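Residue numbers (our numbering): -11 to 294.
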Amino acid sequence: MRRFLFISVLVALCMCALPQRLSAQFRQDAFTQTYNDENDSTYVSDTTDKLFSFKEWAGGMAHKNRIKIGTMAAAAAVLPGTAQIYNRDYWKLGIVYGGMGTCAGLGGYYLHQYKKTDVLKYKQTGTWLLAGAGLIYWGSLMDGVVCYESDRKPLPGRATLYSMLLPGLGQAYNGEYWKIPIYQGGIIASVYFLTSNDLNYKRFKRIHNQATTPGVEYTGPISADTAKYYRDVYRRYRDYSAVALALVYLIQVIDANVFAYMHDFEMNDDLSLRFEPTILAPDNQFCYAPNGQINHAVGFRLGLTF
């Protein structure tokens, strides 16, 4: 009981010693917004940067200035080979343009021959050649991102583009290898269910069309109503699978970007709380009494480390 009374009296005395004006505990510049003053040397614009600047890109292509990796990748997606020009890998332009042009041209030729002759071999050859052109296009984008020079490691833009071009690669770039099976497993599972549900949807749609087509005798074991029910069910499941695939893909891109930004964020187990007496006399206008004297006061300081 005596200990409780002693602590209560001590707390009461300390509370009486606190300054009469609570604002005396804050610095004056905390209440003065000068960071948006254009006349101030520390002025920083509140507006966001442009997603793409043609002037910046043109200067980068002429090697007059550096451009952001996102600007370079966006331009390369529209004009293949520009990333190689910016990275000064001119010898790769022959591979990019020659490979894409040859594969696309031959692919179109074989597909045209398939339409004329209905030979399945022409269709398969043309499809594979067009796929090859797409693969070279993808490789040109990946090459541009890999060869982009930057002083920051990891570079958030590079991690983001890695994940966009190849899911899981951004996590590998950040050193978080344990996340790769999670995201790739989610993508593989989503693709599997998307394909399976789409096949079943098309199957029951075909059965329903056969059972309801006038003038066509249908003798199958599945009725039209049953086929319609399962057609709608699998169509809904197919749509859910497509949404799940898009979500997993988007989440792994965001994950790569966020954790690349937080790479230097210090996190440790040092979680402590400090509670100690102090003198409250900050150097601002709120610490002055009406008589012009500095209003010193004794109080407590609370510090949290995390």
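From the three backbone atoms N, C-alpha and C, an ideal C-beta is built for every residue, glycine too. Note that the structure is predicted; figures quoted are calculated from it, not measured.
Span separating the alpha-carbon of residue i from that of residue j
i	j	result
R289	N53	50 Å
G69	K167	32 Å
Y102	A92	15 Å
G379	A65	Residue 379 lies beyond the stretch modelled for the chain, which goes from -11 to 294, so this question has no answer here.
H196	T207	12 Å
P169	T59	30 Å
K104	W45	45 Å
Y74	C135	10 Å
L123	I83	12 Å
A160	G127	18 Å
R194	D106	24 Å
V246	E205	60 Å
Y78	I239	35 Å
Y217	I210	11 Å
S41	D220	46 Å
T200	L67	50 Å
S260	G47	51 Å
Residue i, DSSP secondary structure in three states
i	result
E264	strand
R54	coil
R191	helix
R289	strand
V204	coil
D93	Sequence check: residue 93 is Gly here, not Asp. Reduced to three states, the DSSP call for G93 is helix.
G156	coil
Element boundaries [alpha helix (DSSP H), containing residue i]
i	result
T148	P144 to L153
L67	Looking at the DSSP string, L67 is not in any alpha helix (DSSP H), and its letter there is neither H nor E.
V107	Here V107 belongs to no alpha helix (DSSP H), and DSSP marks it neither H nor E.
R224	A212 to Y249
E137	No alpha helix (DSSP H) contains E137, which DSSP labels as neither H nor E.
W79	Run containing W79: none; DSSP gives neither H nor E here.
E164	First-last for E164: undefined, no H or E at that position.
G48	F42 to M49
Contact check, residue i vs residue j, beta carbons under 8 Å
i	j	result
T148	A244	yes
F192	A215	yes
G145	K56	yes
Q72	D139	no
G95	L118	yes
V241	S151	yes
N185	S229	yes
I175	L233	yes
For residue j and residue i, believed in contact at Cβ under 8 Å, the rounded distance
i	j	result
Y171	V231	Wrong, their Cβ atoms sit about 16 Å apart, outside the cutoff.
Y189	R223	5 Å
L301	R226	Here the chain has residues from -11 to 294 only, and residue 301 is not among them.
A50	M88	Actually they do not touch by this definition, with Cβ atoms about 24 Å apart.
Y110	Y98	5 Å
L143	A248	7 Å
Any chain C beta carbon closer than 8 Å to residue i
i	result
D186	Annotation note: the requested chain C is absent from the structure, which comprises a single protein chain.
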